[in-house]
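Q: Here it is: the structure, laid out below.
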Amino acid sequence: MEDLSDVYNELIMEHSMNSYNKKKLPDANLSEMGHNPNCGDEITLELKLNGNVIEDMAFSGHGCAISQASTSIMIDTLKGKTIDEARDIIKTFIGMIKRETKDEAELEKLEDAIAFKNVSNMPARVKCALLAWHTLEDMLNKNQNTGSTNIDCCH
Amino acid sequence: MNIEEIRKDFPLLQNRKIAYLDNGATTQKPTKVINAIKEFYEKYNANPHRGAYALSMEATELYEDTRTKVAEFINAKHREEIIFSKNATESLNLIAYSYGMENLKKDDEVVISIMEHHSNLVPWQKVTKVTGSKLNYMYINDEFELSDEEIENKITDRTKIVGIAHVSNVLGTINNVKKIIKYAHKKGAVVIIDASQSIPHMKIDVQDLDADFLVFSGHKMLAPLGVGVLYGKRELLNNMTPFLMGGDMIEYVYEQETTFAPLPNKFEAGTQNVGGVIGLGSAIDYINELGYDKIQKMENEVLGYAKQELSKLNFLELYLTPNDDNHSSVISFNIKGVHPHDVASILDAEGVCVRSGNHCAQPLMRYLEIDSTCRASFYFYNSKEDVDKLINALNKAYNIFKKYVK
Chain H
1164 MEDLSDVYNE
1174 LIMEHSMNSY
1184 NKKKLPDANL
1194 SEMGHNPNCG
1204 DEITLELKLN
1214 GNVIEDMAFS
1224 GHGCAISQAS
1234 TSIMIDTLKG
1244 KTIDEARDII
1254 KTFIGMIKRE
1264 TKDEAELEKL
1274 EDAIAFKNVS
1284 NMPARVKCAL
1294 LAWHTLEDML
1304 NKNQNTGSTN
1314 IDCCH
Chain F
479 MNIEEIRKDF
489 PLLQNRKIAY
499 LDNGATTQKP
509 TKVINAIKEF
519 YEKYNANPHR
529 GAYALSMEAT
539 ELYEDTRTKV
549 AEFINAKHRE
559 EIIFSKNATE
569 SLNLIAYSYG
579 MENLKKDDEV
589 VISIMEHHSN
599 LVPWQKVTKV
609 TGSKLNYMYI
619 NDEFELSDEE
629 IENKITDRTK
639 IVGIAHVSNV
649 LGTINNVKKI
659 IKYAHKKGAV
669 VIIDASQSIP
679 HMKIDVQDLD
689 ADFLVFSGHK
699 MLAPLGVGVL
709 YGKRELLNNM
719 TPFLMGGDMI
729 EYVYEQETTF
739 APLPNKFEAG
749 TQNVGGVIGL
759 GSAIDYINEL
769 GYDKIQKMEN
779 EVLGYAKQEL
789 SKLNFLELYL
799 TPNDDNHSSV
809 ISFNIKGVHP
819 HDVASILDAE
829 GVCVRSGNHC
839 AQPLMRYLEI
849 DSTCRASFYF
859 YNSKEDVDKL
869 INALNKAYNI
879 FKKYVK
């Protein structure tokens, strides 16, 4: 296995243990829960859309360092992006983790999220890294299907 | 035989330089077992009970001899009380459907413990829902054990079935199943023992226990994956309807009606995992030759050392009974504030294999108010060096995380 310090590095550890993105978003207009039943990882993403732009995002829940950090860094990366830009970056991230995308220029748009590149060498942890990204993808798809930015899904 | 010699019996331990501490999930296989399976396929492979030719007869003989061997191994009174299945899960489902579904009535009670594996829990949810009966739980005390009071409070005159793990796959707690069986019988209930985590480590005598049903998987006791055992008292099995229908479990089949074969075939529909059964027979030979006394002696030495060294790590939370006599081979733990999957990944990088997660025991996790644990589970071939590797790796994991843990 790769040296673990590549994965459990400063950036990932800070985001996983003390994330400033782990909070409630009082004016969120979308919310979605994601979980990995095998690991017990559970996150809830809250999203505030302003027209086509992701104005703000936050998360709550619990899980391993990789799932927590991946969620927090995803939020940093995608905040301020349009929905289409976000979808493109999600696709690139999933491609990187699944070792389908290797193009350096392509990976650059991931910003800090590139820190998870070595998770692709840890098959047992791929699901942890992808949890938030899949959850957000689902959330955006559902939103597109209903065509509304005001779904009340926080029962 | 010393530990080094014993480890030579296990090719995987020679081929991989790891500390394999996930024996509760499955054990490694000795050369003896691997060779027995190979020999079966090279010299005896045919479909038992079906051919009139010598080869098929020989396969039948090997298969049926193993049934006798299993019966002797757990001291069953009759060899037809041994039913081969694919694993303990299938055995438990067979009991739930063929006994539970047929016998439970509205307001009857099924009692299980909170430490059951999902395989001895989810089938009972289904059966109690369909029959309108109730599923009640015996809870553990602060020492991760079932108290006599709890047992006597939960097993009532309305209890018809009690299901209990002999040894918890998460806590390693040894339940006093003999006492539970005696009490349940007084109340008129039948008792199912899940021996999956006990039979690799301790002698099982179904007559001494007076167990009504007892199940286990072969692969947790040196046998190959995919073969399990159901023991049931003959009169109970005789009165049960078949679980799976098909070839070899029938007597006469007409267009609309069928009569069923007697025990044990009634419960063995379709071609069985004959190679696996032969492997199980060889695993029993291995255990008998080594002897449970020796197995326990070797295990206790390493387990005692593991407990001693783990309890020195003050960053750990351990989930085990303080009573050594009631504890076997499984140690669950967490590094405080660190998720077990992260710990397991770091241990893996250090060549230490432990399980992390909820161990198919989500209700127990919820009861303990934790999400999951790391679990180190031992077998007789584990050495003190394996424990040292575990301790070193845990220190390393803690050092990675300590400055971030709140």
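One line per chain: the protein sequences are H and F, in this order.
When you line the first sequence up against this note's numbering, it's residues 1164 to 1318, in that order.
When you line the second sequence up against this note's numbering, it's residues 479 to 884, in that order.
Using N, Cα and C, we set each Cβ at its ideal position, and we do this for glycine too.
Everything numeric in this text was worked out from a predicted model, so none of it was measured.
DSSP beta-bridge partners for H:Met1196?
A: In DSSP, H:Met1196 forms a bridge with H:Thr1207.
Q: Applying the criterion that 16 or more other CB atoms from any shown protein chain within 10 Å of the CB defines a buried residue, is H:Gly1226 buried or exposed?
A: buried
Q: Residue range of the alpha helix (DSSP H) that F:Ile475 falls in?
A: Past the boundaries of the shown model lies residue 475 of chain F; chain F is included only from 479 to 884, so the question cannot be answered.
Q: Quick check on DSSP: helix, strand or coil for F:Ala822?
A: helix
Q: Given that a residue counts as buried once 16 or more other Cβ atoms are within 10 Å of its Cβ, and exposed if not, what is F:His679?
A: buried
Q: Compare the Cα-Cα distances from F:Met479 to each of F:Leu768, F:Ile762, F:Ala827 and F:Lys814 and report the closest residue.
A: F:Leu768
Q: By alpha-carbon positions, which one of F:Ala839, F:Lys862 and F:Leu846 ends up nearest to H:Cys1202?
A: F:Ala839
Q: Between which residues of its own chain and H:His1178 is the CB-CB distance below 6 Å, once the five residues before and five after are set aside?
A: Cβ neighbours of H:His1178 beyond the five flanking positions: Ala1232, Ser1235 and Ile1236.
Q: Buried or exposed: which applies to H:Glu1263, given that a residue is buried once 16 or more other Cβ atoms fall within 10 Å of its Cβ?
A: exposed
Q: If we count the other Cβ atoms within 10 Å of its Cβ and call it buried at 16 or more, is H:Ala1276 buried or exposed?
A: buried
Q: Within a Cβ cutoff of 6 Å, which residues of the same chain sit near F:Gly885, ignoring the five residues on either side of it in sequence?
A: Only positions 479 to 884 of chain F appear in the structure, and residue 885 of chain F is not among them; the question remains open.
Q: Could you spell out where the alpha helix (DSSP H) holding H:His1178 opens and where it closes?
A: Glu1173 to Met1180
Q: Just to confirm, are F:His644 and F:Ile618 a CB contact at a threshold of 7 Å?
A: no
Q: Any beta carbon of chain F sitting closer than 7 Å to that of H:Ala1228?
A: yes
Q: Counting only C-beta atoms, is H:Leu1174 closer than 7 Å to chain F at any point?
A: no
Q: When you compare only the Cα positions, how much space is there between F:Asp864 and F:Ala871?
A: Roughly 11 Å separates the two Cα atoms.
Q: Nearest chain F C-beta to H:Leu1299 closer than 7 Å, yes or no?
A: no
Q: On a Cα-Cα basis, can you pick out the residue from F:Gly829, F:Asn513 and F:Glu828 that is closest to F:Gly754?
A: F:Asn513
Q: Based on Cα-Cα distance, which residue from H:Phe1279, H:Lys1265 and H:Thr1207 lies nearest to H:Met1228?
A: In the sequence as displayed, the identity of residue 1228 of chain H is Ala instead of Met. Taking only the C-alpha atoms, the option nearest H:Ala1228 is H:Phe1279.
Q: Assuming H:His1225 is part of the alpha helix (DSSP H), what are its boundary residues?
A: Not the alpha helix (DSSP H): H:His1225 falls in the beta strand (DSSP E), residues Val1216 to His1225.
Q: If we define contact as Cβ-Cβ less than 7 Å, is H:Gly1203 a contact residue for chain F?
A: yes
Q: Is the CB of F:Tyr531 under 7 Å away from at least one CB in chain H?
A: no
Q: On the DSSP bridge list, what partners appear for F:His805?
A: F:Thr651
Q: Any C-beta of chain F sitting closer than 7 Å to the C-beta of H:Met1139?
A: Within the shown structure, residues of chain H are numbered from 1164 to 1318, placing residue 1139 of chain H beyond reach of any answer.
Q: Answer with buried or exposed for F:Gln675, where buried requires no fewer than 16 other C-beta atoms within 10 angstroms of its C-beta.
A: buried
Q: Closest to F:Ala524 by CA distance: which of F:Tyr876, F:Ala537 and F:Lys660 is it?
A: F:Ala537
Q: Using 8 Å as the Cβ pair cut-off and three pairs as the minimum, do the region 552-562 of chain F and the region 604-614 of chain F touch?
A: no
Q: Quick one: is F:Asn836 near chain H, going by C-beta distance under 7 Å?
A: With a threshold of 7 Å between beta carbons, F:Asn836 makes contact with chain H.
Q: Specify the secondary structure class of F:Phe738 as computed by DSSP and reduced to three states.
A: strand
Q: Between the alpha carbons of F:Arg844 and F:Asn647, how many angstroms are there, rounded?
A: 16 Å
Q: On a CA-only basis, which of H:Leu1167, H:Asn1184, H:Ile1206 and H:Pro1200 is nearest H:Ser1194? Give me that one, please.
A: H:Ile1206
Q: How about F:Gly724 and F:Gly748: do their beta carbons lie closer than 7 Å?
A: Closer than 7 Å, so yes.
Q: Quick check: is the beta carbon of F:Ala827 nearer than 7 Å to any beta carbon in chain H?
A: yes
Q: For chain H, check one thing: does any of its Cβ atoms lie closer than 7 Å to the Cβ of F:Met597?
A: Going by the sequence as given, residue 597 of chain F is Ser instead of Met. It does not: the Cβ of F:Ser597 has no partner Cβ on chain H nearer than 7 Å.
Q: Do F:Gly696 and F:Ser806 count as a contact pair if the criterion is CB distance below 7 Å?
A: In this structure, F:Gly696 does not lie closer than 7 Å to F:Ser806 by Cβ.
Q: Is F:Asp849 close to chain H? Criterion is C-beta to C-beta, closer than 7 Å.
A: yes
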